[in-house]
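Notes follow the structure.
Numbering (this note's numbering), first residue to last: 1491 to 1673.
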């Protein structure tokens, strides 16, 4: 499988399937509708496609690998410990995985593929939550929010939240009061 690799707006990379011949289009729902003059195309993970533009400012490179292997490593796709971290996951060790506001599920899948013995596509977010990972996201008021199952954080997670400037966040203060006796 050939992938076109692009930079995203959070500092990581993402892949799109790269198709440059009609035979490879057969595996996709839209395959019968693609004509030779539309090639090459790139296909996103939702199945949408568009023409490949060689001069796209976000295009980085091509990667070829087996279809069952992720072309990007976890830290290439979801930057680790970035200064501008806002949304993503914080491990019990305090390591951040930055995924932006809308990619928590996909990021959780990548994290699980990296750290869990059995590959996990469904339930990856729930798995991380049960393992005491913090999920940072936008709440319904479009404000920064935190979720941790059980309401207890580790000292390393607290230190990371402080480094990120969230020590005064009311929910973080509550988490500290509940958790600090266990540190």
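Glycine is no exception: its CB is placed at the ideal position from the N, C-alpha and C atoms.
Among the residues of its own chain, which have a CB less than 6 Å from the CB of residue 1529, if the five just before and after it don't count?
If you number the chain shown from 1, residue 1529 lands on position 39. Within the same chain, residue 1529 has close Cβ partners 1510.
Three-way DSSP call (helix, strand, coil) for residue 1493 in this model
For this step, residue 1493 is matched to residue 3 along the chain shown. Strand.
Whose CA, out of 1503, 1629, 1623, 1539, lies closest to the CA of residue 1591?
In the chain shown, residue 1591 corresponds to position 101, counting from 1. Of 1503, 1629, 1623, 1539, the residue nearest in Cα terms is 1629.
Residue range of the unbroken beta strand (DSSP E) whose run includes residue 1593
Walking along the chain shown from the start, residue 1593 turns up at place 103. Segment: none, residue 1593 is in no beta strand (DSSP E) and carries neither H nor E.
Please identify the residue among 1507, 1595, 1575 whose C-alpha is closest to the C-alpha of residue 1634.
Locating residue 1634 in the chain shown gives position 144, where the first residue counts as 1. The option with the nearest alpha carbon to residue 1634 is 1575.
How would you call residue 1625, buried or exposed, if buried means at least 16 neighbouring beta carbons within 10 angstroms?
For the purposes of this step, residue 1625 is taken as the residue at position 135 of the chain shown. Buried, because 16 or more other Cβ atoms sit within 10 Å of the Cβ of residue 1625.
Proximity below 7 Å, CB of residue 1491 to CB of residue 1532:
Taking the chain shown and counting its residues from 1, the one referred to as residue 1491 is at position 1. Taking the chain shown and counting its residues from 1, the one referred to as residue 1532 is at position 42. It is not a contact, given that the beta carbons lie outside the stated cut-off.
I'd like the list of long-range same chain contacts for residue 1580, defined as Cβ closer than 6 Å, with 5 residues on each side in sequence excluded.
If you number the chain shown from 1, residue 1580 lands on position 90. So the qualifying residues of the chain are 1586, 1624, 1647, 1650.
Every unbroken alpha helix (DSSP H) within the segment 1568 to 1650, with a cutoff of 4 residues, ordered by chain
1594 to 1605, 1614 to 1620
Does DSSP put residue 1507 in a helix, a strand or coil?
Walking along the chain shown from the start, residue 1507 turns up at place 17. In the structure shown, residue 1507 sits in a strand (DSSP, three-state: E or B).
Cβ of residue 1570 within 7 Å of Cβ of residue 1561?
Counted from its first residue, the chain shown places residue 1570 at position 80. Counted from its first residue, the chain shown places residue 1561 at position 71. It is not a contact, given that the beta carbons lie outside the stated cut-off.
For residue 1543, I'd like the list of residues in its chain whose CB is within less than 7 Å of its CB, leaving aside the five on either flank, ordered along the chain.
The residue you call residue 1543 lines up with position 53 of the chain shown. Nothing meets the Cβ criterion.
Report buried or exposed for residue 1632, applying the criterion of at least 16 other Cβ atoms within 10 angstroms of its Cβ.
Here residue 1632 refers to the residue found at position 142 when the chain shown is read from its first residue. Counting Cβ neighbours within 10 Å, residue 1632 comes out exposed, since fewer than 16 surround it.
How long is the line joining the alpha carbons of residue 1564 and residue 1596, rounded to whole angstroms?
Here residue 1564 corresponds to residue number 74 of the chain shown, with the count starting at 1. Here residue 1596 corresponds to residue number 106 of the chain shown, with the count starting at 1. About 11 Å.
Taking all protein chains shown into account, decide if residue 1657 is buried (16 or more other Cβ within 10 angstroms of its Cβ) or exposed.
Mapped onto the chain shown, residue 1657 falls at position 167. Exposed is the call here.
Reducing DSSP to helix, strand and coil, say where residue 1657 ends up.
The residue given as residue 1657 occupies position 167 in the chain shown. Residue 1657: coil per DSSP, three-state reduction.
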